[in-house]
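Numbering (this note's numbering), first residue to last: 135 to 359.
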């Protein structure tokens, strides 16, 4: 696993560098089928308005200082660091996961509630499953890492979701039947790939392969880190 090819980095917009961001693919398996949480972005958003996405957003500088009860699995930290386009510290990798958890709470009202939650969220259940870089020329560009976990692993009650100004019409979708929802293209691609991973490896191991989505010379690449 190596950083993005040099030509991919050079083709990034000269006036808009992708900003680090993180999303959380939260799955409820309590009723016997796997359901994923999505919500609709407000029509007031400049970037991807009126489409359904996973909870998430950009990494803020304050995310580095957020408390946590348990750290990411070492394999997750290693994959985040070794695949970064620029040098990344352990704290920087952890901050991406903390950003995803923070955005989940801000956008849906859901909090990680585990035995060590008093010290902060337990990050040890998070898997790193995908990375997507917005192509050049877009009004916003993000370098987004997608994390995955099950609700029962982090003590979340699925019924406690609450709409917010950021995400509306929050709902749990059957992972294998989401065709009726106007989902962002990248969200749908990530969901399809993660669903396929789960067919052969339902718990999703920490060492599972990480999907990579980016554009090279005008051609969209759907590969692996």
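No residue lacks a Cβ here, since even glycine has one placed at the ideal position from N, Cα and C.
Predicted model, so just to flag it, every value in this text is computed and none were measured.
Counted within 10 angstroms of its Cβ, other Cβ atoms place residue i as buried (16 or more) or exposed
i, result
"residue 183", "exposed"
"residue 348", "buried"
"residue 282", "buried"
"residue 358", "exposed"
"residue 217", "buried"
"residue 147", "Confidence in residue 147 is poor, its pLDDT being 40 and thus under 50, which makes the residue's placement unreliable; the coordinate value appears in the next sentence. So residue 147 ends up on the exposed side."
"residue 190", "buried"
"residue 234", "buried"
"residue 273", "exposed"
"residue 278", "buried"
"residue 193", "buried"
"residue 313", "exposed"
"residue 351", "exposed"
"residue 196", "exposed"
"residue 293", "exposed"
"residue 268", "buried"
Assumed close pair residue i, residue j - CB separation to whole angstroms, cut-off 8 angstroms
i, j, result
"residue 203", "residue 254", "5 angstroms"
"residue 247", "residue 290", "7 angstroms"
"residue 172", "residue 307", "6 angstroms"
"residue 370", "residue 338", "An answer regarding residue 370 cannot be provided, because it is not within the stretch 135 to 359 covered by the chain."
"residue 299", "residue 176", "7 angstroms"
"residue 215", "residue 342", "Not confirmed; about 17 angstroms, so no contact."
Residue j beta carbon less than 7 angstroms from that of residue i
i, j, result
"residue 257", "residue 205", "yes"
"residue 398", "residue 209", "Any question about residue 398 goes unanswered here, given that the chain covers just 135 to 359."
"residue 221", "residue 309", "no"
"residue 360", "residue 150", "A question about residue 360 goes unanswered here, because the residues of the chain that appear run from 135 up to 359."
"residue 284", "residue 163", "yes"
"residue 328", "residue 263", "yes"
"residue 241", "residue 301", "yes"
"residue 266", "residue 185", "no"
"residue 174", "residue 297", "no"
"residue 170", "residue 321", "no"
"residue 213", "residue 344", "yes"
Per DSSP, cross-strand counterpart(s) of residue i
i, result
"residue 158", "281"
"residue 302", "174"
"residue 307", "170"
"residue 353", "350"
"residue 256", "204"
Minimum Cβ-Cβ distance from residue i to chain D less than 7 angstroms
i, result
"residue 205", "Protein chain content of the structure displayed is limited to a single chain, and chain D is not contained in it."
> If we count Cβ pairs, one from each stretch, closer than 8 angstroms, do we get three or more for the region 219 to 239 versus the region 150 to 157?
Replying inline: The answer is yes - the region 150 to 157 touches the region 219 to 239, with three or more Cβ pairs under 8 angstroms.
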